[in-house]
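Please read the structure below before turning to the comments.
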Amino acid sequence: MDYNFNEIEPKWQQYWRDQKTYHVENNSEKPHYYVLDMFPYPSGAGLHVGHPLGYIASDIYARYKRLQGFNVLHPMGYDAYGLPAEQYAIQTGQHPAKTTEQNIRRYREQLDKIGFSFDWDREVRTCDPEYYKWTQWTFLQLYNHYYDNEQGKARPISELVAKLEKGEQRTESGKSWGEMTEKEQQDYLMNYRLAYLADIPVNWCAELGTVLANDEVVNGLSVRGGYPVERKLMRQWSLRITAYAQRLVDGLEEVDWSESLKEIQRNWIGRSEGAAVWFPLDVKSNENVLPGAQAYMQQVNPQPVPSFEIFTTRPDTIFGVTFMVLCPEHELIDQITTPEQKAEVEAYVTWAKNRSERERQAEVKKVSGVFTGAYAINPLTEEKIPIWVSEYVLAGYGTGAIMAVPAHDSRDFAFARHFNLPIRQVVSAEKDVVSDPATWTESLDAKSGWSVNSGFVTGMKVKEAMAAVIDKIEKMGIGHRTVNYRLRDAIFSRQRYWGEPFPIYYKDGIATPIPEESLPLLLPEISEYKPTATGEPPLGHADNWAWDEEKCQVVNKSLIDGKKVFPLELSTMPGFAGSSGYYLRYMDPHNDKEYFSKEAVGYWRNVDLYVGGAEHASGHLIYARFWNKFLHDIGLSVVEEPFQKLVNQGMIQGRTSFVFRSKEDKNLFISKNLIKNPDDVSPIRVDINIVDNDILDTERFRQWRPEFADARFELEDGKYVCGWEIEKMSKTYYNVQNPDDLVARYGADTLRMYEMFLGPVEQSKPWDTKGIEGVFRFFKKFWRLFHDSDNTLCVSDEAPSNAELKVLHQTIKKVTEDIERFSFNTSVSTFMICTNELATLKCNKRTVLEPLTILIAPFAPHIAEELWHLLGNGETVCNAQWPKFNEKFLVEESFKYPVSFNGKMRFTMELPVDCTQEDAVAAVKASPEAQKWMAGKEPKKIIFVPKRIINIVC
RNA sequence: GCGGAUGUGGCGUAAUUGGUAGCCGCGCUAGACUUAGGAUCUAGUUCCUCACGGAGUGGGGGUUCGAGUCCCCCCAUCCGCACCA
48 MDYNFNEIEP KWQQYWRDQK TYHVENNSEK PHYYVLDMFP YPSGAGLHVG
98 HPLGYIASDI YARYKRLQGF NVLHPMGYDA YGLPAEQYAI QTGQHPAKTT
148 EQNIRRYREQ LDKIGFSFDW DREVRTCDPE YYKWTQWTFL QLYNHYYDNE
198 QGKARPISEL VAKLEKGEQR TESGKSWGEM TEKEQQDYLM NYRLAYLADI
248 PVNWCAELGT VLANDEVVNG LSVRGGYPVE RKLMRQWSLR ITAYAQRLVD
298 GLEEVDWSES LKEIQRNWIG RSEGAAVWFP LDVKSNENVL PGAQAYMQQV
348 NPQPVPSFEI FTTRPDTIFG VTFMVLCPEH ELIDQITTPE QKAEVEAYVT
398 WAKNRSERER QAEVKKVSGV FTGAYAINPL TEEKIPIWVS EYVLAGYGTG
448 AIMAVPAHDS RDFAFARHFN LPIRQVVSAE KDVVSDPATW TESLDAKSGW
498 SVNSGFVTGM KVKEAMAAVI DKIEKMGIGH RTVNYRLRDA IFSRQRYWGE
548 PFPIYYKDGI ATPIPEESLP LLLPEISEYK PTATGEPPLG HADNWAWDEE
598 KCQVVNKSLI DGKKVFPLEL STMPGFAGSS GYYLRYMDPH NDKEYFSKEA
648 VGYWRNVDLY VGGAEHASGH LIYARFWNKF LHDIGLSVVE EPFQKLVNQG
698 MIQGRTSFVF RSKEDKNLFI SKNLIKNPDD VSPIRVDINI VDNDILDTER
748 FRQWRPEFAD ARFELEDGKY VCGWEIEKMS KTYYNVQNPD DLVARYGADT
798 LRMYEMFLGP VEQSKPWDTK GIEGVFRFFK KFWRLFHDSD NTLCVSDEAP
848 SNAELKVLHQ TIKKVTEDIE RFSFNTSVST FMICTNELAT LKCNKRTVLE
898 PLTILIAPFA PHIAEELWHL LGNGETVCNA QWPKFNEKFL VEESFKYPVS
948 FNGKMRFTME LPVDCTQEDA VAAVKASPEA QKWMAGKEPK KIIFVPKRII
998 NIVC
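Numbering-wise, the working numbering comes out as the position in the first sequence, counting from 1, plus 47.
Here it is, written out as structure tokens:
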């Protein structure tokens, strides 16, 4: 064995540990660079080959930057709170801390084998009290701040109180601040705090026994586990992330992220511009039922006549309104419904409210609704329009009421058709072309064209009409320009055990923070991880879970007296709490006085490069941006956007292998290409470990499962060929490729290089072990450049030839450019070409090979380190200097030594515009430069275009 | 339905950024050395054709001296959102 990775890799991994090679200090003369990976949740299944993909890419970049002379922060940690550990605890009674600890140890072992350059001294774990102290601390800061819309940033809640005391800010109820009771004041402030408690409709998952955030629910099912989720009104902690909606949209302009990811975030925030308009109720036609409604509406809106507020993005279509629709939850329904319609409306509202999210979403296309009997007045046309109630209007968006323009909104159109309501065209695609909407099969929704039948805006383009209508509405005092966001506040409570406790206790029903000095508030031990018999969250089982205000400490809850000792909050924080600020903590992970010091954040600023999966687009990446913006407002983080450049690595899918069992004979398995009719066989997934290049190891297959012991095979050319399909990598599909096995067989360097060679980092691709042999072969060849056939070092100090130098400098140039563009697959190719060419040239010159070990060090650190030392260098290749390429060998010298990367050489010279092929050939042959370049050889082919020659193939 | 992305040999991919396709690797074919090889080396490998030659980057059109690359229209696949007024 010549290239012995089994010996090399553990040796240098130990060396790096001993020498603390990757230890990073917070101050340096060198420029700083921060490379971060999304830290993993340590699941019980361990790593599969998909996990390290991003880590390898970021490690290459971090090592490269270090060689370029940067002080590089490249940390790793664990997102250790989470549902699986708790579910496991419920089933087995094992403390989640214990399983988490075990899983972390396994992850660390696996990571270490791959040779990453993490500074493990900076490791953080979200479940560590040293760490979650600062998660709790940030929560208290959020609780103690509100968003000041005038200054456009978070300010201490005490400033708001001061304004209220001075009477500078009116309270909505009309009571002055001084007249309010303590409880009323606190309730009032809750409407402003950035972390607040409120009764809100939440996503309740009965199976998991907890509420979930919007991004944790997909199609009415929980992301974890896939259990049904229903809407329920509950008193929950929330984060007022909506206050930052505009800044979250604007900030996307500042960062270097992929367009698709920015787009996902923009859609999630869902900014839409439009107008809010008051539609007055038609009082005359409703007089008999309206005294209550009138009083109510006069109270909630400043209009002289009782009115409904609607939101629209198409104010230009206001002349086409033929009815109004309220959501079933709308508070005015009861008041306006006429006695004749009452029974029907109530039945509908009850039915709608009891439907689950899933039912609603599954039946989106079904039209339902009911007429209230009441009418409103279109404020511009003064027409009387009927008011309906329907599910398709959502309570959570806008005002829960819409003006319906069936001609120009497909949902309104469907509704109008179903209930036979009038449809009126007010926009035409081409100027002045109108038709009878009765003949339409669909509405004209596009925000383009011209207004028709629209009073004073008739003839205007849609865009102008929008502006004109809003101006008019504002002048009339019945509405205004406004912006709406789809983004909702983030629900922050979880009815779980394994998460950060809230540093909050309840004094006379008022949420009260525990003093900052008493943090962290430790997660208590409990006997059982399930909810309590009374339906309280698991923390209800904790005996030591009450707060003694005098002693400032946690005490047994039997001591609760309502005077000094009070109950503590029973829910815990969600997963995204701990992951929202971890990148800042890495800067100063052992600081017990502050979240992180001003010096540390002043030096590192923000993450320069963040690598991770795109699945966090609408979760973690929004929450972290919000978190960071808040910390920026209160003067902690120095850059508003936390992640400057973001690279999303693609998912690695599994390639599942199948055997085909005959339906007639249970013991007969037919090779893929011998199947006559697919219906005659049933495909069965087989473990990819007993399949090699789609060829089944029939012996091992018989041993794999008892039921296959008597298997017989119909072979082609003596082989059993399996079928395959690309699926998610999962244990149950037997298609999981474990990195440890590959490291054992080929070494970490080969695994690293091969994962990069697979294709662009950003692309999702199936795992396929086939090609790894090629990379392994490359390393053996590379090793042989330095060694004789008897495996002794054979590097010479002779001066290299220009041909050799040309190969080296081309490699330096190409690899440097590739790393900068994050195109690691092409760098691997470059190394292979370089090695092949040097082997052909029989190059063994130190001045060529030594820089090469540095170039390959980011990709294959172990072999690079070994060769570096074999060449007689001390210290570590990790601190070497990245070689610079010399143009001389790329341009001038290439004339003499036309070694080329793709078998073609390029030569450019000026030619007349009307030059023919013959003229060009003659001109080339006559040119001294070209002659020099071709070095006496005859050109085989000259490809030219007017003005210049492109390729000359010798 | 809306939004985003992608489409190149048997397969993963590359293409000097608009320059005359298929680099590198896998696989395959032939050969060499070998007791043997799933080791190593050499040559070949887009397709059609014995060959000459021709076709060719999902399909169709366009711009250009020149298009895998730019523009328009389809088709297919993947991802995200989904009654958001």
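Yeah, the Cβ is synthetic: ideal placement off N, Cα and C, and Gly gets one too.
Taking the straight line between their C-alpha atoms, what separation do you get for Gln149 and Tyr781?
24 angstroms
Spatially closest choice to Val82 from Ser105, Ser90 and Arg64, by CA coordinates
Ser105
So, helix, strand or coil for Ile424, using DSSP?
strand
In the structure shown, what three-state DSSP assignment does Asp796 receive?
helix
Over what stretch of residues does the alpha helix (DSSP H) that includes Asn714 continue unbroken?
No alpha helix (DSSP H) holds Asn714; DSSP gives it neither H nor E.
Straight-line CA distance for Phe878 to Arg543?
Going from the Cα of Phe878 to the Cα of Arg543 covers about 51 angstroms.
Taking 8 angstroms as the cut-off, decide whether the C-beta atoms of Pro636 and Val171 are in contact.
yes
Segment contact, 8 angstroms Cβ cut-off, at least three pairs: the segment 391-398 with the segment 488-501:
Touching, no.
How long is the line joining the alpha carbons of Tyr422 and Ile432, rounded to whole angstroms?
The alpha-carbon of Tyr422 is positioned some 5 angstroms away from that of Ile432.
DSSP three-state assignment for Asp518, whether helix, strand or coil
helix
When we look at the beta-carbon of Trp398 and count the other beta-carbons within 10 Å, is it buried (16 or more) or exposed?
exposed
Buried versus exposed call for Ala242 [16 or more other C-beta atoms within 10 Å across all chains shown]
buried
Under a Cβ-count criterion, where at least 16 other Cβ atoms within 10 Å of its own Cβ denotes burial, should Cys174 be classed as buried or exposed?
Cys174 counts as buried, since no fewer than 16 other beta carbons sit within 10 angstroms of its beta carbon.
Just grab the DSSP bridge partners of Trp592 for me.
Beta-bridge partners assigned by DSSP to Trp592: none are found.
Cβ atoms of Leu693 and Leu308: under 8 angstroms apart, would you say?
yes
Verify whether the separation of the beta carbon atoms of Phe462 and Pro453 is less than 8 angstroms.
yes
Thinking C-beta only, is Lys676 closer than 8 angstroms to Arg294?
Judged by beta-carbon spacing, Lys676 lies within the 8 angstroms limit of Arg294, meaning their Cβ atoms are closer than that value.
Return helix, strand or coil for Asp194, following the three-state DSSP convention.
The question names Asp, but residue 194 is Tyr in the sequence shown. Note: Tyr194 maps to strand in three-state DSSP.
Please give the ranges of any beta strand (DSSP E) in the segment 637-673, keeping only runs that are unbroken, at least 3 residues long and fully inside the region.
Listed in chain order, the complete beta strand (DSSP E) runs (minimum 3 residues) inside the segment 637-673 are 654-659.
With DSSP collapsed to three states, give me the class of Ile681.
coil
When you compare only the Cα positions, how much space is there between Arg868 and Pro807?
11 angstroms
What runs of the beta strand (DSSP E), each 3 residues or longer, lie entirely inside the segment 232-317?
242-252, 257-259 and 277-286
Mapping DSSP to helix, strand and coil, what is Tyr128?
Under the three-state reduction of DSSP output, Tyr128 falls in the coil class, being neither helix nor strand.
Could you give the distance in angstroms between the alpha-carbon of Tyr88 and the alpha-carbon of Ala260?
18 angstroms
For Asn813, I'd like the list of residues in its chain whose CB is within less than 6 angstroms of its CB, leaving aside the five on either flank, ordered along the chain.
The amino acid at residue 813 is misidentified as Asn; the sequence shows Pro. Within the same chain, Pro813 has close Cβ partners Gln700, Arg702 and Ile773.
Since Asp84 contacts Val658 with CB under 8 angstroms, what's their CB separation in whole angstroms?
5 angstroms
On the criterion of 16 or more Cβ atoms from any shown chain inside 10 Å, does Ser354 qualify as buried, or is it exposed?
By the neighbour-count rule (16 or more Cβ atoms within 10 Å), Ser354 is buried.
Between the C-alpha atoms of Pro567 and Trp592, what's the straight-line distance to the nearest angstrom?
Taking the straight line joining both Cα atoms gives about 14 angstroms.
Extent of the continuous beta strand (DSSP E) to which Lys200 belongs:
Start and end: Lys200 to Pro203.
DSSP on Ser941, reduced to helix/strand/coil?
Here Ser941 scores only 44 on pLDDT, less than 50, and its place in the model should not be relied on; the value that follows carries that caveat. Helix.
So Ile520 and Pro362 are in contact, right, with Cβ under 8 angstroms, and what is the actual spacing, rounded?
7 angstroms
Tell me which residue opens and which closes the alpha helix (DSSP H) that Ser709 is part of.
Where Ser709 is concerned, there is no enclosing alpha helix (DSSP H), although the beta strand (DSSP E) it sits in stretches over Ile699 to Ser709.
What are the uninterrupted segments assigned as alpha helix (DSSP H) that are 4 or more residues long and contained completely in the segment 764-850, given in chain order?
786-793, 795-804 and 819-833
Coil, strand or helix - Met85 by DSSP:
coil
Phe503, DSSP secondary structure in three states
Reduced to three states, the DSSP call for Phe503 is helix.
Ser874 classed as buried or exposed, judged by whether at least 16 other C-beta atoms fall within 10 angstroms:
Classification of Ser874: buried, given that the 10 Å Cβ count is 16 or more.
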